[in-house]
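Have a look at the structure below before the remarks.
There are 2 protein chains.
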Amino acid sequence: MPYTYEHPRPALTVDCVVFGLDDTDLKVLLIQRGIAPFKGSWALPGGFVHVDETLEEAARRELEEETGLRNVFLEQLYTFGELKRDPRERIVSVAWYALVNLRDHKVQAATDAGEAAWFSLDDLPTLAFDHAAILDTAQQRLRGKVRYVPIGFELLPRLFTLTQMQRMYEKILDRALDKRNFRKKVLGMGVLEETDQVQQDVAHRAARLYRFNEAAYKRMVKQGINFEI
Amino acid sequence: MPYTYEHPRPALTVDCVVFGLDDTDLKVLLIQRGIAPFKGSWALPGGFVHVDETLEEAARRELEEETGLRNVFLEQLYTFGELKRDPRERIVSVAWYALVNLRDHKVQAATDAGEAAWFSLDDLPTLAFDHAAILDTAQQRLRGKVRYVPIGFELLPRLFTLTQMQRMYEKILDRALDKRNFRKKVLGMGVLEETDQVQQDVAHRAARLYRFNEAAYKRMVKQGINFEI
DNA sequence: CAGTTTAGTGTATGTGAGACACTAAGGCAA
DNA sequence: TTGCCTTAGTGTCTCACATACACTAAACTG
Numbered sequence: 041m042p043y044t045y046e047h048p049r050p051a052l053t054v055d056c057v058v059f060g061l062d063d064t065d066l067k068v069l070l071i072q073r074g075i076a077p078f079k080g081s082w083a084l085p086g087g088f089v090h091v092d093e094t095l096e097e098a099a100r101r102e103l104e105e106e107t108g109l110r111n112v113f114l115e116q117l118y119t120f121g122e123l124k125r126d127p128r129e130r131i132v133s134v135a136w137y138a139l140v141n142l143r144d145h146k147v148q149a150a151t152d153a154g155e156a157a158w159f160s161l162d163d164l165p166t167l168a169f170d171h172a173a174i175l176d177t178a179q180q181r182l183r184g185k186v187r188y189v190p191i192g193f194e195l196l197p198r199l200f201t202l203t204q205m206q207r208m209y210e211k212i213l214d215r216a217l218d219k220r221n222f223r224k225k226v227l228g229m230g231v232l233e234e235t236d237q238v239q240q241d242v243a244h245r246a247a248r249l250y251r252f253n254e255a256a257y258k259r260m261v262k263q264g265i266n267f268e269i
Numbered sequence: 041m042p043y044t045y046e047h048p049r050p051a052l053t054v055d056c057v058v059f060g061l062d063d064t065d066l067k068v069l070l071i072q073r074g075i076a077p078f079k080g081s082w083a084l085p086g087g088f089v090h091v092d093e094t095l096e097e098a099a100r101r102e103l104e105e106e107t108g109l110r111n112v113f114l115e116q117l118y119t120f121g122e123l124k125r126d127p128r129e130r131i132v133s134v135a136w137y138a139l140v141n142l143r144d145h146k147v148q149a150a151t152d153a154g155e156a157a158w159f160s161l162d163d164l165p166t167l168a169f170d171h172a173a174i175l176d177t178a179q180q181r182l183r184g185k186v187r188y189v190p191i192g193f194e195l196l197p198r199l200f201t202l203t204q205m206q207r208m209y210e211k212i213l214d215r216a217l218d219k220r221n222f223r224k225k226v227l228g229m230g231v232l233e234e235t236d237q238v239q240q241d242v243a244h245r246a247a248r249l250y251r252f253n254e255a256a257y258k259r260m261v262k263q264g265i266n267f268e269i
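These protein sequence lines map, in sequence, to chains A and B.
Per the numbering used here, the very first residue in the first sequence carries number 41; after that it's consecutive.
Per the numbering used here, the very first residue in the second sequence carries number 41; after that it's consecutive.
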């Protein structure tokens, strides 16, 4: 059934930059396009916004349809509206970024996308459309954000060691951090809760496991405390 | 001439939050709506995105059409896409914010808007649509941004005194700053250029005028220097 | 010329960032 | 069981910067 309007309208899509962390690397989730244009190329998961759903609902729906991911941390990034960003027609895309940890969230091959896979940020294929620019914007945002909000807990498992946490910051900021200063800083923030558990199955001294204390964090945000690393 | 699509499409608009600074206050530019819905109410300047213009072009065009403002500092803010934000139909709006100084930029009553006027931020009328939420988001962004980039020069006249600059920061951050510390800080940044001119026509000792040294600023941004106040 | 108003200036203290190196603990292999 | 390997975990010092704080200088006014 066709829909008619008095003036021409750009099409509206959402695209998602999904960051994931494993033991070795910060990764991004891409799908292989099953249809033209850019058939066979890798691209960010995304698709058209339905007229009866909000932008965030559209982003979550596309993410689940194409990758199987649900209940992830998701924030709006930027809206891309250059004229020729899609060769077919004028398409404006509201980009989002998501943070997940690779243990809890298994990615499934998807219905209308050929394949979904994680790529290290320094070993990326050529991306379809202007998705390289979107990804770049997302990386900048992540770097900016992680410096003053403890956003990264979305990337870590529920229980984590301080070394894991430090590795994550180092990956995002792309520079080495001093172990003692890092620990002093993050423990001093008061948002980490020490558990009585330690790492299992490691061939060396096991590290203590911590968890994120969300209640304490919210309390501190209200007080305007900042969380620079 | 009607335009027909296979699936229904949300309409796409831009809205602009224009901040201006005069001697007394930080103000925002609003227009009085000449047509329904919300006829007679005050609203942010904005309108529909044409299919052959980018989002930024749309924002600049609407701003000029409705307020006469041109060549202003403009950055994308956030995209608002709730289902019922416009009573007529589904409209997604890409919001922008602009910074101007009230001496250089005269505002004209406009063609398709009844009237344009500046309002102090603490004396606002009820706004149409979800524009109060958009304005709120813009204020938060401005506060966050001014703390680490010298964004405010867009709000000041070309030549300004340090006291004027301090007043601006105080208005945006909504707290008092120490005069000596403020001067130490901003002069130490090295982006202010002292001129040999002083204020004219004041009934007290005249203050020295400064100008923003954009070249020095760009040089320092490259070096990753930060500009916290 | 006395009064009023704003411009302009320096120091002392405390806090936090960053640099830096050794001991502790646990598994592993000979 | 002992020595080795690997990662965990810890404290101090220095320097820079944030903050608190008050008086003199200059220009105009009546």
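We put the CB at the ideal spot given by N, CA and C, even for glycine.
C-beta contact flag for residue i and residue j at 8 Å
i, j, result
"A/Glu102", "A/Gly80", "no"
"B/Tyr45", "A/Pro42", "yes"
"B/Asn253", "B/Val238", "no"
"A/Leu70", "A/Phe159", "yes"
"B/Asp62", "B/Leu117", "no"
"B/Gln206", "B/Leu196", "no"
"B/Leu164", "B/Val140", "no"
"A/Val242", "A/Ile212", "no"
"B/Leu182", "B/Lys67", "no"
Straight-line gap, residue i to residue j (C-alpha atoms, nearest Å)
i, j, result
"A/Val147", "B/Val132", "31 Å"
"A/Gln180", "A/Glu115", "14 Å"
"A/Asn221", "A/Leu227", "10 Å"
"B/Glu194", "A/Thr64", "44 Å"
"B/Glu97", "B/Val57", "15 Å"
"B/Leu249", "B/Arg198", "9 Å"
"B/Ala256", "A/Gln240", "53 Å"
"B/Asp218", "B/Gly192", "18 Å"
"B/Leu167", "B/Glu210", "25 Å"
"B/Arg259", "B/Glu233", "14 Å"
"A/Glu122", "A/Pro190", "33 Å"
"B/Val261", "A/Gly184", "14 Å"
"B/Glu105", "B/Ala156", "11 Å"
"A/Leu202", "A/Met229", "13 Å"
"A/Glu129", "B/Val112", "30 Å"
"A/Tyr188", "A/Lys225", "12 Å"
"A/Arg73", "A/Phe88", "15 Å"
"A/Arg245", "B/Lys124", "57 Å"
"A/Arg223", "A/Ala247", "13 Å"
"A/Asp126", "A/Ile75", "14 Å"
"A/Met208", "B/Met208", "38 Å"
Cβ-Cβ separation, residue j to residue i (assumed contact under 8 Å), whole Å
i, j, result
"B/Tyr137", "B/Phe59", "7 Å"
"A/Ala99", "A/Phe120", "Not really, about 14 Å apart at Cβ, beyond 8 Å."
"B/His171", "B/Ala83", "5 Å"
"A/Thr235", "A/Arg215", "The Cβ separation is near 29 Å, so there is no contact."
First through last residue of the alpha helix (DSSP H) which encompasses residue i
i, result
"A/Glu104", "Leu95 to Thr107"
"B/Phe222", "Lys219 to Met229"
"B/Gly184", "His171 to Val186"
Delimiting residues of the beta strand (DSSP E) encompassing residue i
i, result
"A/Asn141", "Ile131 to Asn141"
"B/Gly60", "Ala51 to Leu61"
"A/Asp236", "Leu232 to Val238"
"B/Ile212", "Looking at the DSSP string, B/Ile212 is not in any beta strand (DSSP E); the run it does join, the alpha helix (DSSP H), is Leu202 to Leu213."
"A/Arg251", "Arg248 to Phe252"
"B/Thr44", "Tyr43 to Tyr45"
"B/Lys67", "Leu66 to Arg73"
"B/Thr271", "The structure shown has nothing for residue 271 of chain B, since chain B only spans 41 to 269."
"A/Gly192", "Taken as a continuous stretch (DSSP letters only), A/Gly192 belongs to no beta strand (DSSP E), as it is neither H nor E."
Decide if the segment 47–58 of chain B is in contact with the segment 46–54 of chain A; the criterion is three or more beta carbon pairs, one per stretch, under 8 Å apart. Result yes; three or more Cβ-Cβ pairs closer than 8 Å.
Under 8 Å: do the segment 166–179 of chain B and the segment 89–96 of chain B share three or more Cβ pairs, one atom per stretch? The segment 166–179 of chain B, when compared against the segment 89–96 of chain B, does not touch it at the 8 Å Cβ threshold.
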